[in-house]
Structures are given as structure tokens and as C-alpha cells.
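Novice: Here you go, one structure.
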Amino acid sequence: MAAEKRVVFRSAWLPWALLAPQAAVIAVFFYWPAAQTVLQSMQQSDAFGTSVEWIGLQNFANLWDDPTYLASFSTTAIFSILVAGFGITLSLLLAVFADRVVRGTTFYRTLLIWPYAVAPAVAGVLWLFMFSPSIGVVAYALRMVGFEWNHLLNGTQAMALIVMAAVWKQLSYNFLFFVAGLQSIPKSLIEAAAIDGAGPWRRFWTIQFPLLSPTTFFLLVINVVFAFFDTFGIVDAATSGGPGKDTSILVYKVYYDGFKALDLGGSAAQSVVLMVLVVTLTVLQFRFVEKKVNY
Amino acid sequence: MKLKSKLLLSCALAVAAASSTPALAQTEIQWWHSMTAVNTEWVNDLAKDFNASQKEYRVVPTFKGSYDESMTAAIAAFRAGSGPHILQVFEVGTATMMASKGAIVPVGKVMKDAGEKFDPSGYVPAVAGYYTAPSGQMLSFPFNSSTTIFYFNKDAFKAAGLDADKAPSTWPEVVAAAAKLKASGHKCPFTTAWQGWTQLESFSAWHNVEFATKQNGLAGLDARMKVNTPLHVRHIENLANMAKQGLFVYKGRGNVPEASFISGECAMINTSSGFYGNVAKNAKFAYGLAPLPYYPDVPGAPQNTVIGGASLWVLAGKKPEEYKGVAKFFSYLSSPEVQSASHKRTGYLPITTASYQLTEKSGFYKEKPGTDVAVTQMIRKVTDKSRGIRLGNYVQIRAIEDEELEQVWSGKKTAKEALDSIVSRGNQLLERFQAANKS
């Protein structure tokens, strides 16, 4: 290894002082609420918080005893894999195409970035309108070709609906990063390969894709976090977790129990479970997937 | 440093701005509500008329989102030490409010302290009973109450060769009518909105059977679910069979299915009496209102239906003169004239007997046939099984009803399995609520 070029602060307090603003923001907006959640998860209180009782791990025991809660783990796993998988694949495809567009690049990119400005709940409603069994345009078209669409009673179709909405919502974000990643790959590499006779397909797999791996890895982490945490608005607007509990993912139940049913202790306990789960997943990703990444 | 001094300056400015507003001579009463569209105007008019009727108090209505949103907002505000004086809470939130003893002031106490006249016995029994604690004290002020009724499309009935002037009054008649509608090419003969409320809760009271023990929860927090009796199973099985034959088409949770009646897609629907205003304004066909269907062989049926809608709660921690203003406002709302005008305007029930009589005298029910269906379903002598249903964690229990019934309509579970599951899952929630709200 070459000699490290590391700048060292001479002062003892300056680095801390420079870190302080960011640390303060993280403490106020992340650590403090997270600590509150952990405290609340061990309490049982009425909605107004006039009587608070410490009950230890009872809230967690309740979750453990609830078969529907345990079932929503597999629902969440399916949902997250589909959202991250389709989200990353589709956006990579679009980014590679957009990278090859010669005219009107800005126009295409702007269109593709648009959905990012849409709130999750609105995304849910948009897709619901298109697929509504009685009035939806797409549902109508499907019926014309002989496919009966009814996500009100068909769990698989309901899952497909929220996956589509979530993927569409996250597509722009992924796209943006892939486009930036593709642009940072030196043109000389690709041109050299082209001169050596490699076709577009070959060039993509042997040059662009490996060089994109830091971006892909970053997006994998971000998309899994998105699917786990930011999708309750989509579920609430599109399916409300139904039919039955077929689309009731973990974060939707956190939202529902906390903000609609006002069971703050139970909701906090679920948040803690979710937090632990995502931290574990992220650590695992860094531990195992990151090894395959070339920086 | 610079940032800090800037911050200080802006704080100082904010304080100066706040204190420079002239002190109001009037006492302000904050009222958070969840009424949308035409009903927002109704609420604003009530406040405006009250404010014009006297000078001491000013009621300020604020729309705070849907029922659950405004309740969450009020709870957050209360925990932060503020919050409104009056909060409109939907019927399923009633048990939660009742259990939050430190957060509310019983309406009876507010009225008594202010020396205002208040007679709970003037209210329709099914309404008053719902908002009265087991101790007999009335805790909240009944405001907008509705109940479940039956709507049908007269044009579709005619087209199917049915008698458009006579609604099916029993479930066997509904099935027969649905079969005829289907034979005439109708894709959705029957649907239901609020499936838990209409097909399980109101259904129980209407047939005079318990939905839950302890008088459906009115008599205490140790109530447990009872919706898996043979009668309940029979009804849900009946609906499941209708679904299989295409006679009943499931159109979603909450009030979502209502749109399919307005559009003419579904010919019959069970839903809230509060749907009337929407039908009257938007339906492009002749329609009829009728009482809920029942099973004629069940003794005691039809009894009465249960209420939905909301009541007004007074939150704790305010100044005595503000409570006086709240009491004055409630007195104003209680007058038969105001109540009768509200009933005619919104389709919500007239909640006092006096206002019902006043409305009847005015000839309103003859003018608009069907508007008295909800009233006559409610103004009856109630039994302990039919007075109302008030359970803890009710919002979640409603969600469980939706989840389990959907499994029946899609054929994944039998009626018995789903109802058993509602009972066991519901009981867990009831036990937890009881533990969290020990008195």
C-alpha cells in the first residue's frame, strides 16, 4: 500500500467542534426520538398519557403471541425483495438507455425524475385509481383482454399493486444515482473495449456494471430501508393492508396501531423490532455484499 | 456567535409580536371537528349563529382532518399542554375518551358548574345511553349521530320486474330480489359499506342479540366478543353464498362502496343514514330508503339499530370562565329549533325527542319520504342487548372485522372460522384495553 495521505488535526477540540452541528442534528432528530421509542415500548398508557405504567417487555410478548404479526414478517420480506429488486433493475435499465440517448437527454431525464416529487400517499392513490376494480382504466383494459382484476379480494394482486406503486415512486431516485454513476465511468475505457470488438452487452457486463457496483450497493441499502420504513403511506392509500392482512407490512402496522388505533406502547415496541431488523440487515449487507464491491 | 445573536433577535421579535396583539375582550372557545364539504359549512354556521347571539364568548371551529386524525392531533396537543376546549370524537373513539379520565371533563359537570340547564332524559335513549358512563353520568355531548339503513335503486328494480315501491324487508327477500336483478343483467345486485358496522354490529342490535357481553361493553371494560353465535354464522354464510353466486359484490372497506351505488353499478346497499345527502344530490336515478333487512324467524327482530357518528368532548385543563362559555354553547346547541334545523340540513338524526316532534310537525318527513327511516329505527325502547356497542380498542376491532370478513368473501375462510377469529383476536384487544385502563 502506498503511503497514506492523511491530514491530522493538531487541535484536540477543533474536530469535535466541526462535528458538533451535525451531531446535534442527528441527536435531536434521530437518537432522541429513537430513545423515546425504546422507553415507550416498555410502557402501557391510555391515549392521553394521563396514566403510564411500566410493563417491561409485555408489549413485545404480545407481539410474539400474535400470529398475524409474525405472518407480516414474510409479507414484508416479499414486499421488500420485490421493491428493491424491481426498483434497482428497472432504474438501471432506464439509466443505461438514457445514457445512450443522443438528443433530448435533459427532457427524458426530467420526465424520469418527476415521480420523486410525489408523496408516497399520493403515489398510492394514483395507482389505486388506475387499478380500481370498478372505475380504474387499467382494470378496465385488463377486463377487456379477459383478465379479472380485483385487488379488493385477491391478495396477490393487492401485493402487485403496492409493489408497482412503491417501485414507481423510488424509480427516479435510483435512476438519478445510476445516471451519475454511469457518467463517472471514463469514456476511454468503454471506447477501448469497443475498439477491441466488445458489443454493448459485453461492455455493460464487463465494464459498466462492475464499475457501478458502489452505486448499486448504496442503492440496495437505501431501497431496503425505503421498503421497510417509507411505504406505509402507499399501503394506507392503496389497500389499507387488505385483503385480510395480505399487504399488511410491518411499518404499516406500526403506523396503524400508533396513529389510528392510539396504542402507543404496542406501536413503539413494533418500531423497536423494525429498527433492530433494519440495523441487522444493513450490517449484514455491509459485511457480505460489500465485499463484492469495487471502489 | 453571529447565528446565535440572530436567533436571539428573532425570538425577541416573535415575543414582541405575540404580546403586541390586543387582548381580546371575548373568551375564545376552540372547537376541533372533522366535518367535510357541506357539513363544514353547517359547523361554521352553528358557531357563527352562536357568536352572534351573545357577546361574551366566541366559538372558533377548526377542521383538523378526518375523525382519527383530529383525535390524534388533540391527543398530541393535550400531551404538549395545549389542545382545544371542545373535540369532536367519532363513536368508535368513545371508549378511549371515557377511559381517559384525567383528560376530559364530563359534560354533565360542565353544565352543572356553569349553572346551565341540561336534561339527559330529553335525548333519544339509544343516543344518550351510548355516551353515558356505567355510573349514569353523561360524559360527552351528542352531536351528529347516524345509523345504518338500506338504500335501493328504484329504476333497477323496475327493469328487473320488481315492485319499486316496496323494498325487500327481510334477508330472504333481499336474496330473491338480488337474484332477479342479476337475471336482468345487473352486475352488482347488492353491496354493503362499513361491513363490520352494518353486518355485525347493527345486525346484532337489530336482532336483539349480543355483539359483546356486559351489554356490549356499555356496562364495563371486562366485556368480551360474542359475534360467533349461530345467528351471526348463518348471516355471514348467507352473504358468502350470495357472493359466490354474484348476488353480493364486495366493494371495499369503510364508505368506499357507496360510490358504486351512486354510479348505478350496485342496486342495493347497506350503509349510513348520513349517506342520504350524497344520494339526494348525486344519484341520477329514482331511489328509495328502507329499514335494514332482518330474519323474520328470529324472535324480537327487528329491534333497533346502533348509532354511528360523533359527539363533542370537553377537554380538561382549561380556565373556569372558558368552561362557562362551553356550557353556554352546548345550551344553544340543545335547543329543539337548532337541532331540528341541523337534522333537516344534514340527514343526521334528531337527537332529542323534542326536535323529532318539531321536525315531524313541520311536515318534513312527508315532503322528503324516507328521511324518517333512520329516526324510526332508532326511536324505540331499547334493550340491554341493543342499546349500543362501546368497546375499547374499537378502531382495531373494526379493522379485524374487515380483515376476517374479506377472507370469507374471497372464499379463504368459512363464516364460522372468520367469526371465531374475530372473537379471539377481538378479545385479546379487549383484555389489553382493560389492563391499560384499570380504574
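Line by line, the protein sequences give chains A and B.
Numbering of the first sequence is given in numbering that gives the first Met the number 0, commencing with residue 0 and proceeding in unit increments.
Numbering of the second sequence is given in numbering that gives the first Met the number 0, commencing with residue 0 and proceeding in unit increments.
C-beta atoms are modelled at their ideal positions from N, C-alpha and C, and glycine is treated no differently.
The model shown is predicted, which means the values in this text are computed figures rather than measured ones.
(1) According to the neighbour-count rule (16 or more other Cβ atoms, all chains shown, within 10 Å of its Cβ), is A/Arg201 buried or exposed?
(2) Locate the beta strand (DSSP E) running through B/Glu27, then write down its first and last residues.
(3) From B/Gly369 to B/Leu348, what does the alpha carbon distance come to, in whole angstroms?
(4) Tell me, please, whether the CB atom of B/Val313 is closer than 8 Å to any CB atom in chain A?
(5) Tell me which same chain residues have a C-beta within less than 6 Å of the C-beta of B/Met241, skipping the five on either side of it?
(6) Interface residues of chain A around B/Gly101 at Cβ under 8 Å?
(7) For A/Gln42, list the residues DSSP reports as bridge partners.
(8) Beta-carbon within less than 6 Å of B/Lys1's beta-carbon, same chain only, minus the 5 sequence neighbours each way: which residues are those?
(9) Between A/Ser239 and chain B, is the shortest Cβ-Cβ distance under 8 Å, so that the two count as touching?
(10) Within its chain, find whatever has a CB closer than 6 Å to the CB of B/Val14; leave out the 5 residues flanking it on each side and keep chain order.
(11) Per DSSP, B/Gln87 forms a beta bridge with which residues?
(12) Taking only beta-carbon positions, decide if A/Gly243 is within less than 8 Å of chain B.
(13) What three-state label does DSSP hand B/Phe151 in the structure shown?
(14) Figure out for me which residue from A/Leu18, A/Pro213, A/Leu141 has the closest Cα to the Cα of A/Phe285.
(15) Any beta carbon of chain B sitting closer than 8 Å to that of A/Lys291?
(16) Per DSSP, B/Met267 forms a beta bridge with which residues?
(17) Does the region 249-259 of chain B come into contact with the region 113-123 of chain B, if we say contact requires no fewer than three beta-carbon pairs (one atom in each stretch) closer than 8 Å?
(18) Smallest Cα separation from A/Val292: which of A/Leu211, A/Leu273, A/Thr246, A/Phe29?
(19) Leaving out the 5 sequence neighbours to the left and right, which residues in its chain are closer than 6 Å to B/Ser201 when beta-carbon positions are compared?
(20) I'd like to know whether the C-beta of A/Leu152 is nearer than 8 Å to at least one C-beta of chain B.
(21) Since A/Ile233 contacts A/Ser71 with CB under 8 Å, what's their CB separation in whole angstroms?
(22) Should B/Ile85 and B/Trp30 be called a contact, given that it needs their Cβ atoms to be closer than 8 Å?
(23) Which partner residues does B/Phe247 have in the DSSP bridge list?
(24) Counting only the same chain and skipping the five closest in sequence on each side, list residues whose C-beta sits under 8 Å from that of B/Val232.
(25) Is B/Asn281 buried or exposed, if buried means 16 or more other CB atoms sit within 10 Å of its CB?
(26) Residues of chain B with a CB under 9 Å from the CB of A/Gln43: which are they?
(27) DSSP three-state call for A/Tyr251: helix, strand or coil?
(28) Please identify the residue among B/Tyr56, B/Pro83, B/Ala94 whose C-alpha is closest to the C-alpha of B/Lys63.
(29) The alpha helix (DSSP H) with A/Phe85 in it runs from where to where?
(30) Measuring CB atoms only, is the region 177-196 of chain A touching the region 132-152 of chain A, in the sense that at least three cross pairs come out at less than 8 Å?
(31) With three or more beta-carbon pairs closer than 8 Å as the criterion, would you say the region 371-378 of chain B touches the region 387-396 of chain B?
(32) Which residues in the same chain as B/Ser183 place their Cβ atom closer than 6 Å to its Cβ, once the five residues preceding and following it in sequence are excluded?
(33) Could you tell me the alpha carbon to alpha carbon distance between A/Phe96 and B/Ala177, rounded to whole angstroms?
(34) When you compare the CB positions of A/Ala236 and A/Ala140, do they come within less than 8 Å of one another, or not?
(35) Short of 7 Å in beta carbon distance, which residues of its chain neighbour A/Phe128, apart from the five on each side in sequence? Order them along the chain.
(36) Does any C-beta atom of chain B lie closer than 8 Å to the C-beta of A/Asp235?
Specialist: In brief:
(1) Counting C-beta atoms within 10 angstroms of its own C-beta, A/Arg201 has fewer than 16 neighbours from the protein chains shown and is therefore classed as exposed.
(2) 26-32 is the extent of the beta strand (DSSP E) around B/Glu27.
(3) Approximately 13 Å between the Cα atoms of the pair.
(4) When Cβ-Cβ separations below 8 Å define contact, B/Val313 makes no contact with chain A.
(5) So the qualifying residues of the chain are Phe247.
(6) For B/Gly101, the neighbours in chain A by C-beta distance under 8 Å run, in chain order, Phe47, Thr49, Ser50.
(7) Beta bridge pairing from DSSP links A/Gln42 with A/Trp53.
(8) Confidence in B/Lys1 is poor, its pLDDT being 46 and thus under 50, which makes the residue's placement too unreliable to answer from.
(9) It does; some Cβ of chain B falls within 8 Å.
(10) Summary for B/Val14: the model assigns pLDDT 45, below 50, so the residue's position carries little reliability, and this model does not support an answer.
(11) B/Gln87 is bridged to B/Leu311.
(12) By this cut-off, A/Gly243 is an interface position.
(13) Here B/Phe151 sits in strand by DSSP.
(14) Answer by Cα proximity: A/Pro213.
(15) No - not a single Cβ of chain B is within 8 Å of the one on A/Lys291.
(16) Paired residues: B/Phe151, B/Phe189.
(17) Output reads no: the region 113-123 of chain B does not touch the region 249-259 of chain B.
(18) Nearest neighbour of A/Val292 by Cα position, chosen from A/Leu211, A/Leu273, A/Thr246, A/Phe29, turns out to be A/Leu211.
(19) For B/Ser201, where only same-chain residues beyond five positions count, the Cβ hits under 6 Å are Thr147, Thr304, Val305.
(20) Taking Cβ atoms only, chain B reaches closer than 8 Å to A/Leu152, which makes this a yes.
(21) Incorrect: roughly 16 Å between the Cβ atoms, too far for contact.
(22) A contact, by the Cβ cut-off of 8 Å.
(23) DSSP, once it has assigned bridges, lists B/Phe189 as partnering B/Phe247.
(24) Contacts found: Ala414, Lys415, Leu418.
(25) It counts as exposed.
(26) Under the 9 Å cutoff, chain B gives Arg431, Ala434, Ala435.
(27) Helix, per DSSP.
(28) For the residues B/Tyr56, B/Pro83, B/Ala94, the minimum Cα distance to B/Lys63 belongs to B/Pro83.
(29) 66-99 is the span of the alpha helix (DSSP H), which, as asked, contains A/Phe85.
(30) They do not touch, by the three-pair rule.
(31) Between the region 371-378 of chain B and the region 387-396 of chain B, the count of Cβ pairs shorter than 8 Å is below three; the stretches do not touch.
(32) Cβ neighbours of B/Ser183 beyond the five flanking positions: Ala158, Ala159.
(33) Using only the alpha carbons, I get a separation of about 54 Å.
(34) It is not a contact, given that the beta carbons lie outside the stated cut-off.
(35) Counting only Cβ-Cβ distances below 7 Å, and skipping sequence neighbours, we find Gly135.
(36) Residue contact check for A/Asp235 against chain B: no CB pair falls below 8 Å.
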